[in-house]
Amino acid sequence: MTAPRVGQEAIAVTTALAAAWVAFAVLVWLYGESPLVVARLLFDGTWGTAYGAGQVIFKATPLLCTGVAVFVGLRAGLFNIGGEGQLAIASLAVGIAGHLGFVGALPSFVAVPLLIAVAAVAGGAWALVPAMLRARFGAHEVIGTIMMNRVADSLVGALLGGGLAVAGSVRTADIAPSAHMARLDAVVPALRGSAASTAVFVALVLAVAAAWGFRRTRVGREVVLIGKNPVACEAVHIPVRRRIATALVLSGSAAGLASAGTVLGYKGYFEMGLGAGAGFGGIAVALLGRSSAVGLILAALFFGTLQQGGLAINGHVPREVMNVLEGVVILAVSLSDADVRRTFTRGVVGA
Amino acid sequence: MSGAGQVVGTLATETVRVTVPYACAALAGVWSEKSGVVNIALEGMLLASALAAVVAEVATGSAVVGVMAAIAVGGGIGAAHAWLVRREVDAIVSGIALNLVAMGGTRFILRALYGSSSNSPAVPGFQGIFAGSSSLLALVVDTLTNPLTLLAVALLFVTRFALTETRLGIRVRAAGEDGAAAASLGLDVPRLRLAAVSLGGCIAGVGGAALAYDQHQFQSGMSGGRGFIALAAVIVSGWRPGRAVLACAAFALLDASQIVFQGQSRVSRDLVTALPYLATLASLAVIGSRSARRTS
Amino acid sequence: MSSTDASGLALRLARIDKRFGELQAVRRGELEVRTRLIHAVVGENGAGKSTLLKIAAGIIAADGGDVWVGGELQASYDARRAQTLGVAMVQQHFALFGSLSALENIMLGAEETRGAGFLDRARGRSRAEGVLASLGVELDLDRKVATFGVGDKQRLEIARALYRDARVVILDEPTAVLTPLESTALYATLRRLADDGRAVVVVTHHLDEVEAHADVVTVMRRGETLGTRAVERGTAAVGLLAAEIVGGEPLPELHAQHEPSARPRVEGQPALVKLEVKGLTLGRALRGVSLEVLAGEIVGVAGVLGNGQSELALVLGGLAVPDDGEVLAGAIEVVHEDRQTAGLVLDATVAENLALGDLTRFTRRGLIDDDALATSARERIARFDIRPPDPGALARALSGGNQQKIVLARALAREPAVLVVAHPTRGVDLVAARAIHQQILAAAARGTAVLVIGADLGELRLLCDRILVMLRGRVVASLPPTADDATLGAAMLGREAAA
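Going down the list, the sequences are from chains A, B and C. Residue numbering for the first sequence follows our numbering, starting at 213 and increasing by one per position. Residue numbering for the second sequence follows our numbering, starting at 47 and increasing by one per position. Residue numbering for the third sequence follows our numbering, starting at 4 and increasing by one per position.
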């Protein structure tokens, strides 16, 4: 990066963090608590203990996946806000697949990658409809993905209610033992009790691979060029529609991978609402994380800290404060940064 | 009254009742889009204004003050959105952020004021003349004479009239079609957009009040996706106010039929819930990309 | 409010500066516009004419300098203020709204209202009808503007300026969309406006128009105004004007009317048809276009903009699928008319733009070889003299001429059988334009069949062996480059030239 770019990034991030702090302090103070005291509690509940740190990693894992999902879309000039639906569908698929008989018979080093693949395919499949609508009809993917989010809600509810759930509950049956992703505290005892799992490595690899792919592969380069000017690319016969559809589907796959952390690495089954909020959180991660793998990882850790911290301070201040902070950070980054401001959407379908 | 008549009557009034918040949000979407600003913050507008109505009525005891508060909050969110867009924040990003702030903010305030994270105290709202009666006639009369219902209908006609027959309306449409050209003619495009989006927000506020008063309290997350249904209605109808409200009524009918025909299996209920969204997806294929709008 | 002072000075710009990023568009610009005169502002593409006049109309704010309207210095000047003071501009890209009716467009911004902001259509209509009558124009006021043709839209724009009782009427390149006959009619209207006591300013790069119709002319070159003087009639005077625009020795080949094509011919080669278009149909834009280009031949396509030329380029470039007809050719490369939209990815590097669509050549096992990319870029930069010669520079930073060279270099590098160039030197400075012409001629000399779609008759005369004329989606004439304006103009209108 050139010097001015670095400076611009730094300003955007600093502004965002400052705005988050101000918003936090104001809200806490309005609630009648001391911002510094609550902030201390937040720190203690997150990075202050090994358990807290582990929980942060646990929360950050799906956020990194959905953050990569939004990032992949943005590179192509797309806005995938369907992370919620893509991850819900993928989680359901993984929950079902993980319970299948033949999966239980497989050794772990086969079962886990298989299920990860299922997650990716399911998430990508859910993005296929908006991708096709965009490729074939030019319909705006923002509306398409929003609608698919709501349809996912209904579909998941219908499937669970229609027999896929364990009787009397809204969850799927347990996945086979071999399908679980090991908890990190098995390897790092200090993180005892926390829900962080090896899924975090999946997320890390995903982030690095995505950033690298755009830089070094031909298809990735073309996607970036398309994101900057699709018309010029079309004029030289780059298959723009195909690349855009591919990008959107891959974006959905990335979002689907978030289920590795929630289903495979934590609950061991899927239940309604598992992972909710990660889709929108991914937008915040992508915007704050800018365009580098490191940025995305740090942003995911930041929001993971906020989410875990919210739980830690819930006795003093409602944890919904963190949703507000998410929104504030998104706005702060957007306001302070010209690049993000340069519109990447055409605007929705208009009359 | 015969059983079938009873059912139809109940269905019809339920539909009218449920349409009001949808329609108000849809009109907000229309005003915004006509001025050239994409607005997906309809959900947040409904939710925040619903809370405002309840908080104001609890504080003052007056349902009318509650409606005014809802209008103010809805308009305020609209103004914030327009301001952000003017500062070159992408309209979609702004909408998502405002929705997040509304979602978190309403729960925060709910806990802060009433100590509960799910419900507010009960409020009477606008009681009908025949409140408490269970006869169908009473239900019909109360629904049709509900001030917010009447207000919503009036706002529909006001919107249609304003967009075609007033100076503001025609300037807003010009700003929405081509902001640069409008500016070169001396129009104050940012101010026009601010006016349109805020006005829309005020209308959405009426819908939020209706939503809250209908349940006689504020419940966490009570907008329940209605803002997105309204968005769907607006798209499906091609941003025409009258048709958008009709689409809202159609979607409301689906909702109402769920309420009336209870005991349906979970599966068909979920399918019915998904219909508006599936319809929108289908219409996207038809509408395609008729025109590209930008917020500049 | 009086819009002129005692001496008839309606508008004055002094020491105007305007910069867009790296580009100093206007430098110490000076302009004095008087009533009862048709004032032409001339200069080549990119000289700053549009910018200066947009500042005069308040559409753009100057970085420095003064704007005087009616003898009063304007402290803060914007489009709204300009309108109040009676300054109106008809821009190149019309400020019309397709979804509104003609009447609504005319009224917009100066609406008649009754009561609390309700439109008074009746009053507006009678006023608009009055204006149209004074212009001698008939338009259906209730039709949506999207359905109007280009000529009518321009008339509507002028009508709107009069509806607002403009005392200073500025038109930016008005004849780009008109046939020669319509241009004459336009100037007759402008003369009427001037006789009425208004000030008329026309921005143009057509010197023959200036010589025929304007009273005074201001020359602009590279953002500077070089003074204003009365227009003299006669070819010699035009030549001097041209020299002033270019800033050096008169360059006859760019302004000659009857220069025969001086290209070296490819001798002794059989006439191979490289591009054959038969009965091409596309909606209402193309209604059966047929043409042929031989190897080594340069064929021009002239015609008023909007008669299908753009669509022809789109079909040949594979960006639009025709309803009927066929295109028989080997490899076709198209340089589209709008390089910033359809030619370049402005935020990508020069190297990436040079290789756009061709990245497979620099791919090894799916990965991009950046070194090979840079090397190839450097070679092409040298061959086409692209400046600055930095493969890593962003395309956005280059001048229009150099940007165009990138697009052309990319097209030629693929050694196509057929090269189609649309408006090759639009917005390109003179030196770059010459270089681009050289490249086109060289391509033809190598046997490439070249189709030049252009609006500039001078350029077509310089380059082409034959000039085709398109009208309403068909090729209606094939003329030699030596054909005169009257013949070409008549063909563009679809009539026989007056004997």
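Backbone N, C-alpha and C fix where the C-beta goes; we use that ideal spot for every residue, glycine too.
Rounded distance between the beta-carbons of residue j and residue i, thought under 8 Å
i	j	result
L283 (chain C)	L289 (chain C)	5 Å
A343 (chain A)	L460 (chain A)	4 Å
G264 (chain A)	G464 (chain A)	Contact flag wrong, Cβ pair sits at about 32 Å.
E107 (chain C)	I216 (chain B)	6 Å
G141 (chain B)	N85 (chain B)	6 Å
I308 (chain A)	W338 (chain A)	15 Å between Cβ atoms; not a contact.
V455 (chain C)	V410 (chain C)	So it is not a contact: roughly 14 Å between Cβ atoms.
V213 (chain C)	V220 (chain C)	5 Å
L276 (chain A)	I495 (chain A)	Incorrect: roughly 13 Å between the Cβ atoms, too far for contact.
Segment limits, alpha helix (DSSP H) that includes residue i
i	result
S162 (chain B)	No alpha helix (DSSP H) contains S162 (chain B), which DSSP labels as neither H nor E.
S53 (chain C)	52–59
S366 (chain A)	353–371
M534 (chain A)	533–548
R213 (chain B)	213–223
I495 (chain A)	490–501
V337 (chain C)	No alpha helix (DSSP H) contains V337 (chain C), which is instead part of the beta strand (DSSP E) from 335–338.
L165 (chain C)	153–166
Terminal residues of the beta strand (DSSP E) in which residue i lies
i	result
Q27 (chain C)	26–37
E295 (chain C)	289–297
L482 (chain C)	477–482
G303 (chain C)	301–305
D175 (chain C)	171–175
V44 (chain C)	41–45
V206 (chain C)	202–207
R344 (chain A)	Note on residue identity: the sequence assigns Met, not Arg, to residue 344 (chain A). Here M344 (chain A) belongs to no beta strand (DSSP E); instead the alpha helix (DSSP H) covers 340–349.
L359 (chain C)	No beta strand (DSSP E) contains L359 (chain C), which DSSP labels as neither H nor E.
Beta-bridge pairing of residue i - partner residues as DSSP gives them
i	result
V330 (chain C)	C:V280
G67 (chain C)	C:D20
E227 (chain C)	C:R224
K147 (chain C)	C:S104
Q564 (chain A)	In the structure as shown, chain A starts at 213 and stops at 563, and residue 564 (chain A) therefore has no counterpart that could be examined.
R506 (chain C)	Examination of residue 506 (chain C) is not possible in this model, given that chain C is present from 4 through 502 alone.
F121 (chain C)	B:T212, C:R117
S409 (chain A)	A:R395
L433 (chain C)	For L433 (chain C), which the question treats as bridged, DSSP gives no partner whatsoever.
Q304 (chain B)	Q304 (chain B) pairs with nothing; no bridge assigned.
L471 (chain C)	C:V304, C:S481
Closer than 8 Å to chain F by CB, residue i
i	result
R362 (chain A)	The structure shown has no chain F; the protein chains it does contain are A, B and C.
| task | Report yes or no: do three or more beta-carbon pairs, one from the region 288–305 of chain B and one from the region 380–387 of chain A, lie closer than 8 Å? | result | no
| task | Examine the Cβ distances between the region 351–368 of chain A and the region 284–292 of chain A and report whether three or more of them are shorter than 8 Å. | result | yes
| request: Identify each residue in the region 275–289 of chain C for which the Cβ-Cβ distance to at least one residue of chain A is less than 9 Å, and report them in chain order. | output: none
| Taking three-plus beta-carbon pairs below 8 Å as touching, is the region 251–268 of chain A in contact with the region 437–452 of chain A? | no
| request: Please name the residues in the region 195–211 of chain B whose beta-carbon is closer than 7 Å to at least one beta-carbon of chain C, in chain order. | output: E211
| Between the region 533–542 of chain A and the region 56–66 of chain B, do three or more beta carbon pairs fall short of 8 Å? | no
| field | the region 71–81 of chain C / the region 228–244 of chain C touching (three or more Cβ pairs under 8 Å) | value | no
| query | Quick one, which residues of the region 115–130 of chain C are near chain B if we go by CB-CB under 7 Å, in chain order? | reply | T116, G120, F121, L122
| field | Under 9 Å (Cβ pairs) to chain A, residues found in the region 338–356 of chain C | value | H339, D341, R342, Q343, T344, A345, G346, L347, V348, L349, D350, A351, E355, N356
| message | Does the structure place the region 89–100 of chain B close enough to the region 235–255 of chain B that three or more beta carbon pairs sit under 8 Å? | response | yes
| request: Residues of the region 38–68 of chain C with a CB closer than 7 Å to any CB of chain B: list them in chain order, please. | output: I62
| said: Under 7 Å, CB to CB, which of the residues in the region 320–331 of chain B have a partner in chain A? | reply: A320, Y323, L324, T326, L327, L330, A331
| said: Any contact between the region 160–173 of chain B and the region 541–548 of chain A? By contact I mean 3 or more CB pairs, one from each, below 8 Å. | reply: no
| message | Would the region 273–282 of chain A count as touching the region 483–496 of chain A if we require 3 or more Cβ pairs under 8 Å? | response | yes
| Any 3 or more C-beta pairs closer than 8 Å across the region 446–453 of chain C and the region 412–430 of chain C | yes
| request: Using a Cβ-Cβ cut-off of less than 7 Å, list which residues of the region 404–433 of chain C approach chain A; keep chain order. | output: none
| message | So, does the region 466–478 of chain C touch the region 150–158 of chain C, judging by three or more C-beta pairs under 8 Å? | response | no
| query | Listed from N- to C-terminal order along the chain, which residues in the region 380–407 of chain A have their beta-carbon within a distance smaller than 7 Å of any beta-carbon of chain C? | reply | none
| field | Cβ-based contacts, 7 Å cut-off: residues of the region 214–230 of chain B near chain A | value | none
| Counting pairs of beta carbons, one from the region 258–274 of chain B and one from the region 52–59 of chain B, are three or more of them closer than 8 Å? | no
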